[in-house]
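Below: the structure, in structure tokens.
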Amino acid sequence: MARLWLTFGILTPFFALFIVQQTSLAENYWPWFLATHPDSSQASRQRSGGVGHGPSLIQEQEQELGQGNQKPLQAPGPPVADRHASNVEGNLPETAFVRRIVAVGDLHGDFGNARKVLEMSGVIGAEGEWTGLVDFFVQTGDIIDRGDDTVELFSYMDKLRDQALAAGGMVLSHLGNHEWMNVIGECWRYVYPSEIKTFGSVEARGRMITSGQIGKSWATNYTTTSRLPLHPSLGPPNADYDPSFSSPISHSALSFVHGGLAPTYPDLTPYPSKINEIASSLLRKLQTRKFPLVHPPNPYPGLPKTATKEENRLYGGDGPLWYRGWALDEDEGVKGGLCDRADAVMEKIGVRRLIVGHTPDFEKIVSRCGGKIIIIDTGISHAYGGVLSALSITYSLTPLPPTEGGEARWKERETVVAVYPDRQDILADDAREITGEL
Ligand SMILES: *[C@@H]1O[C@H](CO)[C@@H](O)[C@H](O)[C@H]1NC(C)=O
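Residue numbers -26 to -1, 1 to 412, in mature numbering (1 follows the signal peptide of the UniProt record, and there is no 0), belong to the letters of the sequence shown in order.
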């Protein structure tokens, strides 16, 4: 056994070097772990048999990485018992309002690791049941592909959704570019025969994601983006941001989407309904057309002929499913750069953070611009062998004694924590005082 590990340990760097060399020698550098938009030059290269990857090596790595130490059930952030306790300033603390959110990125067919991240972040217990410790669980898409547990994962998400609702919580699910690729009929290069077997056949798989339970669930209970208000005075999840609504906490909300909301994307507002309506319409067209023949080897089917300009743009390179600017743009510290663009988008859509998946960092959840941009894809699936992670956000609003003029006063606080099996990193802990009626 020890010898096996030793051999593995010696060989791993060589494999890593080999992969790096292969990819960097490639004409247009594009790491193997990033899926490519069908219109891009990388995509055509991959379609014609270019860059590939070896799941078996990655799977071996997973066996080494995946055994996170089990921790007792405990939600990150302030201990639950203290959440309504009277330890904050002032003496009206019983009415403190607390909302807890956990968000998880790309899961790619790995049920075991999905369970682990949900458990370590307090969303579920050891039996996989909704604990009620968290108010909202958000998943940012790409549940399908690269692993075998597609059916199991989607049906588990449906079960969790029901349990959450029954307990007064909510599951917010999103479609990633991989869900879309599959319903378009492309992307079979990320699907393994062992996964297709779980559906029975390629045809059965096609039926399942269109007219079958998975397809119905996508059409009913999945959106492409979400606006999640942190306080009920801003309305329920996915209520549109109304720029004419004036409140000291008008932007106390989070945006979730798989790829990103590009500054150049024309259909950002009304947010989030505009994007979600375009997406629903496109999904309906895709799910009701004759399901295309498998690509490859058959030609790329593309979007339906009846798809509108907006629907094409939704699935475009700067559309919400594919955009990678928030993760890859390099002008973070520059005036007029990344953070200013994020501010402009957030001002427009009424949120305070842009939370996305899609572009993995295998070591950590990436926080940019002081937590305004958070990228939560850490390659959780064994297909990548990245670190297990979840993002935990605790929002609280605590009444303070009124101003001398009798105006209501509050302390608003948002603690953003990256949760890993062996540690928690605070990404942001922002507090502000608010005056006025909510
Ligand atoms: C959507 O979610 C609701 C609430 O959990 C559930 O009752 C319903 O069956 C789901 N719809 C589909 C098509 O899965």
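Positions of the beta carbon are idealized from the N, C-alpha and C atoms, including for glycine.
By DSSP, does residue i sit in helix, in strand, or in coil?
i           : result
residue 403 : strand
residue 111 : strand
residue 227 : strand
residue 294 : coil
residue 152 : helix
residue 255 : helix
residue 167 : helix
residue 373 : strand
residue 133 : helix
residue 392 : strand
residue 117 : coil
residue 139 : helix
residue 249 : helix
residue 204 : coil
residue 385 : strand
residue 329 : strand
residue 340 : strand
residue 35  : Low confidence applies here, because residue 35 scores a pLDDT of 30, under 50, leaving its location unreliable and the question unanswered by this model.
residue 350 : coil
residue 366 : strand
residue 6   : coil
residue 145 : strand
residue 78  : strand
residue 315 : helix
residue 408 : strand
residue 397 : coil
residue 263 : coil
To the nearest whole angstrom, what separates the beta carbons of residue i and residue j, a pair I think is in contact under 8 Å?
i           : j           : result
residue 158 : residue 277 : 7 Å
residue 204 : residue 211 : Going by Cβ atoms, the distance from residue 204 to residue 211 rounds to 10 Å, so no, they are not a contact pair.
residue 292 : residue 80  : Not confirmed; about 20 Å, so no contact.
residue 228 : residue 319 : Going by Cβ atoms, the distance from residue 228 to residue 319 rounds to 13 Å, so no, they are not a contact pair.
residue 70  : residue 370 : 6 Å
residue 295 : residue 154 : 6 Å
Go ahead and label residue i buried or exposed: buried means 16 or more other beta carbons lie within 10 angstroms of its beta carbon, across all protein chains shown.
i           : result
residue 147 : buried
residue 100 : exposed
residue 220 : exposed
residue 400 : exposed
residue 48  : Per-residue confidence for residue 48 stands at a pLDDT of 45, beneath the threshold of 50, marking its modelled position as unreliable; the derived number appears in the next sentence. When all chains shown are included, residue 48 counts as exposed.
residue 271 : exposed
residue 396 : exposed
residue 88  : buried
residue 12  : buried
residue 253 : buried
residue 258 : exposed
residue 406 : exposed
residue 346 : buried
residue 218 : exposed
residue 376 : exposed
residue 142 : exposed
residue 90  : buried
residue 381 : exposed
For residue i, verify whether its CB is less than 7 Å away from any heavy atom of ligand 3.
i           : result
residue 279 : Within the structure as shown, ligand 3 is missing, the only ligands being ligand 1.
Query raised in the report: For ligand 1, which residues count as neighbours when the test is a C-beta closer than 6 Å to any heavy atom?
Result: My final list is 132, 135, 136, 139, 190, 191, 194, 195.
**Report entry** the region 349 to 365 / the region 322 to 335 touching (three or more Cβ pairs under 8 Å)
**Finding:** In short, these stretches touch, since the Cβ pair count reaches three.
**Report entry** Given 8 Å, three or more beta-carbon pairs between the region 189 to 197 and the region 128 to 140
**Finding:** Taking a cut-off of 8 Å for Cβ pairs, the region 189 to 197 and the region 128 to 140 touch, as three or more such pairs fall below it.
Query raised in the report: Does the region 121 to 128 come close enough to the region 161 to 173 that 3 or more CB-CB pairs lie under 8 Å?
Result: Touching, yes, given that three or more Cβ pairs across the two stretches are closer than 8 Å.
Report task. Inspect the CB distances between the region 302 to 319 and the region 337 to 346 and report whether three or more fall short of 8 Å. Result -> Proximity of the region 302 to 319 to the region 337 to 346 meets the contact definition, three or more beta-carbon pairs being nearer than 8 Å.
Query raised in the report: Are the region 224 to 232 and the region 104 to 114 in contact at 8 Å, needing three or more beta carbon pairs?
Result: Below 8 Å, enough C-beta pairs join the region 224 to 232 and the region 104 to 114 to call them touching: three or more.
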